[in-house]
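K.L.:
Those protein sequences? They're chains P and F, same order as listed. Residues 1 to 240, numbered by the numbering used here, are exactly what the first sequence covers, in order. Residues 1001 to 1240, numbered by the numbering used here, are exactly what the second sequence covers, in order. Ideal Cβ placement from N, Cα and C applies to all residues, glycine included. The structure presented is a predicted model; accordingly, all values stated were derived computationally and were not measured.
There are 2 protein chains.
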Amino acid sequence: MTKRAMLSKDHPCRSCDVSAEALCRALDVETLADFRNQGGRLHLTAGQTLFHQGDPADCVFSLTSGVVKLYAILSDGRRQIVAFLFPGDFVGFETQQSHGFAAEAIGDTTLCRVLKRRFEWFVDHYPALAEARYRRAAAELAIAQERMVTLGRQTAAERLAGFLSDIQRRAGFRGRDGANLVPLPMSRGDIADYLGLTKETVSRELTNLRKARVIRSHSLTLIEILDPRGIGALACGLAA
Amino acid sequence: MTKRAMLSKDHPCRSCDVSAEALCRALDVETLADFRNQGGRLHLTAGQTLFHQGDPADCVFSLTSGVVKLYAILSDGRRQIVAFLFPGDFVGFETQQSHGFAAEAIGDTTLCRVLKRRFEWFVDHYPALAEARYRRAAAELAIAQERMVTLGRQTAAERLAGFLSDIQRRAGFRGRDGANLVPLPMSRGDIADYLGLTKETVSRELTNLRKARVIRSHSLTLIEILDPRGIGALACGLAA
DNA sequence: CGGTGAATTGAATCGCGTCAATTGACGTGG
DNA sequence: CCACGTCAATTGACGCGATTCAATTCACCG
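1) Is F:Phe1061 near F:Cys1112, with beta carbons less than 8 Å apart?
2) Just how far apart, CA to CA, sit P:Asp274 and P:Ile81?
3) Starting from F:His1125, follow the alpha helix (DSSP H) in both directions and report where the run begins and ends.
4) What residue does the beta strand (DSSP E) around P:Gly40 start on, and which one ends it?
5) For P:Thr155, count neighbouring Cβ atoms within 10 angstroms of its own Cβ and tell me buried if that reaches 16, exposed if not.
6) Within a Cβ cutoff of 8 Å, which residues of the same chain sit near F:Gly1175, ignoring the five residues on either side of it in sequence?
7) Along the stretch 46-60 of chain P, what residues have a CB closer than 8 Å to any CB found in chain F?
8) List the whole-angstrom C-beta distance separating F:Leu1050 from F:Ala1105, where the pair is believed to meet the contact cut-off of C-beta under 8 Å.
9) When you compare the stretch 1087-1102 of chain F with the stretch 1057-1073 of chain F, are there three or more beta-carbon pairs, one atom per stretch, that lie closer than 8 Å?
10) Is the beta carbon of F:Ala1072 closer than 8 Å to that of F:Gln1053?
11) Identify the continuous alpha helix (DSSP H) that holds F:Glu1200 and give its terminal residues.
12) Closer than 9 Å between beta carbons: that is the criterion. Which residues of the stretch 1080-1108 of chain F meet it against chain P?
13) Here's the rule I'm using: 16 or more other beta-carbon atoms within 10 Å means buried, otherwise exposed. How should P:Lys211 be labelled?
14) Residues of chain P with CB under 9 Å from F:Met1186, in chain order?
15) Could you please give me the residues that DSSP links to P:Val91 through a beta bridge?
16) Is it buried or exposed, P:Leu220, if we count other Cβ atoms within 10 angstroms and call 16 or more buried?
17) Tell me the residue span of the alpha helix (DSSP H) that contains P:Phe241.
18) For P:Ala102 and F:Gly1100, what's the separation of their Cα atoms in angstroms?
19) To the nearest angstrom, how far is the alpha carbon of P:Leu222 from that of P:Met186?
20) Taking F:Ala1057 and P:Ala130 to be in contact with their CB atoms under 8 Å, please state how far apart those CB atoms are, rounded to whole angstroms.
21) Assuming P:Pro183 is part of the alpha helix (DSSP H), what are its boundary residues?
22) Output, in chain order, the set of chain F residues within a Cβ distance shorter than 9 Å of P:Tyr126.
23) For the alpha helix (DSSP H) that F:Leu1195 lies in, which residues bound it at each end?
24) Is P:Thr45 closer than 8 Å to P:Asp108 when the C-beta atoms are compared?
25) Given F:Gln1096, which residues of its chain have a CB within under 8 Å of its CB, disregarding the five upstream and five downstream residues?
26) Using a Cβ-Cβ cutoff of less than 6 Å, which residues in the same chain neighbour P:Gly230 once the five nearest sequence positions on both sides are dropped?
27) Is P:Cys255 helix, strand or coil when you go by DSSP?
28) From what residue to what residue does the alpha helix (DSSP H) around P:Ile231 run?
29) Please list the residues of the stretch 171-204 of chain P that have a C-beta atom closer than 9 Å to any C-beta atom in chain F, keeping them in chain order.
30) For a test of the three-state rule: what should DSSP assign to P:Leu222, helix, strand or coil?
31) Would P:Cys24 pass as an interface residue toward chain F - the criterion being a Cβ-Cβ separation below 8 Å?
32) Could you check which residue in F:His1125, F:Glu1158, F:Gly1189 has the C-alpha nearest to that of F:Ala1026?
33) Step through the CB atoms of chain F and report whether any lies within less than 8 Å of the CB of P:Val149.
34) For the candidate residues F:Glu1158, F:Leu1195, F:Thr1207, F:Ala1139, whose alpha-carbon lies nearest to that of P:Arg153?
35) Could you compute how far the alpha carbon of F:Arg1170 sits from the alpha carbon of F:Glu1140?
36) Which chain F residues are close to P:Glu140, counting only those with a beta carbon under 7 Å from its beta carbon?
Written as structure tokens, this is what we have:
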């Protein structure tokens, strides 16, 4: 009987199977249960926003299923998606008082919510959690810096190739025939706003990759990578 | 007599007048002295590199004077400057084993160096330092995310305006006549590689701003902002 | 089956990049 | 102190990659 099994039968964390990277994994099981009871569960459907740009940042969230986009909107409507969040990712643990970005669910989504004050109490009392929070922030920073290179210096084809291998690494899976499958739950417009392109350019580059037999589309939201080395070569040393 | 004065007369930290944001400010004075003795001073002249992309990351550095650029180079020579570091900024406190970016001095530069292992010992023993380190990482992350918006969605004019108000906030000062002076110690090429443009475009946009009487050049490396609201309007809601 | 919204494709345009020439800043040696 | 050399910055002419605008085409759902 593992420690994990000691959680009460209906405890949500019991079935929470997110990546071992999740922050809460820094807590031992009893503390985790305690921590978890501080918060609540949250369900969102496609297009619902978790918070808007400028909203007070008084909660932290842990994504347990679904995909969330984090974005900024400029006064004239231009939009930049700063990150896609996958299960296991955290949101809202910045130090500012208000959210610098908006967060919106892409499909059906489940999150754990904890009041930031409570979260910080745990951080103060459990060094392992503080450490995990720091490591997470540092990792996000490294990712953000890589993305600066992409957005500042890469061509459309390179951006798309990098994006696909990124998603493949984070959410890709194998088909029963061993196929290298990559889900694309977000719209072409979302991909464009993530890569600093337009949806038309994203579409064109996808057909280029298709014509070059580097990828194959199973549906609009599921592609297969036929030539991983081709993708890697295009991604040009980044996101190896 | 302040606590600070208790540092021995020749102690480098005594004259270290970097921003109160510097990480070492999280330590009390005796500990600071102890901490400081772990490391050494380092001088670089223009163009000297602190470390290369891929070098083992076994030291942390605190910039006490000068300006340093942090950048990535792609296989075909394209370059993206990820950050300019000013006095008070820290480098190298990422969690990875090796540096993801290169660091190079722009002019004469002084740094404090501490072995990362030593630094981490202090982090483990002084919660205030751990807290400061986290806050710094979180702040850097927020800045990096703002820069994604700039690099992904802003025009050349907006990028330059945002850059100038950025530098003004971090390194700007007042002339004796109250002039709003901004130093530009880095080359046009550096600015271009920071903003995801070319040096020619940077130059053109600077002359546009000059013709629009928004800025005035005192020399190649010192400009005056004549119309801060004009700059702010161009920067388009970002970097307010 | 329509009908609706997203994705794709095509054609024209434009902002920025590229390449080349000129100007300017600054140090050096006569 | 001035002439010259060097290298960065500026300016100009032109080209290209990505955007914009406008059709289709496609996927999906009542």
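P.N.:
Put simply:
1) Yes, they are a contact pair.
2) An answer regarding residue 274 of chain P cannot be provided, because it is not within the stretch 1 to 240 covered by chain P.
3) For F:His1125, the enclosing alpha helix (DSSP H) starts and ends at 1116-1125.
4) 40-44
5) exposed
6) Leu1181, Glu1224
7) Taking 8 Å as the Cβ-Cβ cut-off against chain F, none of the residues of the stretch 46-60 of chain P qualify.
8) 7 Å
9) yes
10) yes
11) 1199-1211
12) Gln1080, Ile1081, Val1082, Ala1083, Phe1093, Glu1094, Thr1095, Gln1096, Gly1100, Phe1101
13) exposed
14) Per Cβ cutoff of 9 Å: no residues; F:Met1186 is ~15 Å from chain P at best.
15) P:Phe61
16) exposed
17) In the structure as shown, chain P starts at 1 and stops at 240, and residue 241 of chain P therefore has no counterpart that could be examined.
18) 29 Å
19) 10 Å
20) About 21 Å; that fails the 8 Å criterion.
21) Counting along the chain, P:Pro183 falls outside any alpha helix (DSSP H), though it belongs to the beta strand (DSSP E) covering 180-183.
22) None at all; the shortest Cβ gap to chain F is about 12 Å.
23) It spans 1188-1195 - the alpha helix (DSSP H) in which F:Leu1195 sits, taken as one unbroken run.
24) yes
25) Ala1057
26) Apart from sequence neighbours up to five positions away, the residues of its chain that approach P:Gly230 with a beta-carbon distance below 6 Å are Val214, ordered along the chain.
27) For residue 255 of chain P there is no data in the structure shown, the boundaries of chain P being 1 and 240.
28) Segment 228-235, the alpha helix (DSSP H) holding P:Ile231.
29) Asp193, Tyr194, Leu195, Gly196, Leu197
30) strand
31) no
32) F:His1125
33) Judged by the 8 Å Cβ criterion, P:Val149 is in contact with chain F.
34) F:Leu1195
35) Taking the straight line joining both Cα atoms gives about 14 Å.
36) Leu1141
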